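All remarks here apply to the structure that follows.
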Amino acid sequence: MKILIDTNRIIAALSKPSTTRNILFDTFFEFITPDHTIDEIREHSDELKKKITLTDEEFDSLLALFFERITIIPESEFKQFLHECKHDISDPDDIPHLAACLATRAEGIWAHDPHFKEQHKAKVFTNIDMLRMSGKMKSD
786 MKILIDTNRI IAALSKPSTT RNILFDTFFE FITPDHTIDE IREHSDELKK KITLTDEEFD
846 SLLALFFERI TIIPESEFKQ FLHECKHDIS DPDDIPHLAA CLATRAEGIW AHDPHFKEQH
906 KAKVFTNIDM LRMSGKMKSD
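First residue of the sequence shown? That's 786 in the numbering used here, and the numbers climb one at a time after it.
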């Protein structure tokens, strides 16, 4: 199942061993993200490393491991959707995610960011939704 992963879910997975990290390594999912996600993470890497107490090597190794599970979508593949998505979501950093999701026909976006709830073009999945879809958590 192809799911677009929001930058904040990657950062959450970097922070500590967690449900988010377990979901990221669940082979039930095929994760994708727009190419600017790498730039966004690198832009905040010093701050992140201090906050989550990882050395440069640990940070880089963990990030490389994550991106073995995440396919990066170049802007050229979703550029035609960017203008359309500007009107659907208020956070400019989230526009490429929505555009890439639409361009790749992903099932939805894995995010806890409330900005994604503003739009109605793509489904938004939380950790609980992801666990239910993978069968790791049973619905009531």
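Cβ atoms here follow ideal geometry from the backbone N, Cα and C, with glycine treated the same way.
All values derive from a computational prediction rather than experimental measurement.
Count the other CB atoms within 10 Å of the CB of M922; is the residue buried (16 or more) or exposed (fewer)? exposed
How big is the Cα-Cα spacing for F844 and L799? 8 Å
Alpha carbon to alpha carbon, what distance is there between L850 and F816? In this model, F816 and L850 are separated by some 13 Å (Cα to Cα).
Find the nearest neighbour of H897 within the set K787, I796 and K864, judged by alpha-carbon distance. I796
Let me check understanding here. Comparing Cα to Cα, which of T818, K871 and G893 lies closest to E860? Comparing Cα positions, the closest option is T818.
Cα-Cα separation, A885 to L839: Distance between the alpha carbons of A885 and L839 is about 30 Å.
Would you say the segment 896-910 touches the segment 872-884, given that touching needs at least three Cβ pairs under 8 Å? yes
So, at 8 Å on beta carbons, what are the nonlocal neighbours of D925 in its own chain, with the 5 sequence-adjacent residues on each side left out? Any answer about D925 is weak, because its pLDDT of 49 lies below 50 and its placement is not dependable; what the coordinates show is given next. For D925, where only same-chain residues beyond five positions count, there are no Cβ hits under 8 Å.
Own chain, CB closer than 7 Å to I880, minus 5 neighbours either side, in chain order: L867, C870, K871 and I874
In terms of residue numbering, what span does the beta strand (DSSP E) encompassing E862 cover? Here E862 belongs to no beta strand (DSSP E), and DSSP marks it neither H nor E.
Compute the Euclidean distance between the alpha carbons of L916 and I808, then round it to the nearest angstrom. Approximately 7 Å, taken between the alpha carbons.
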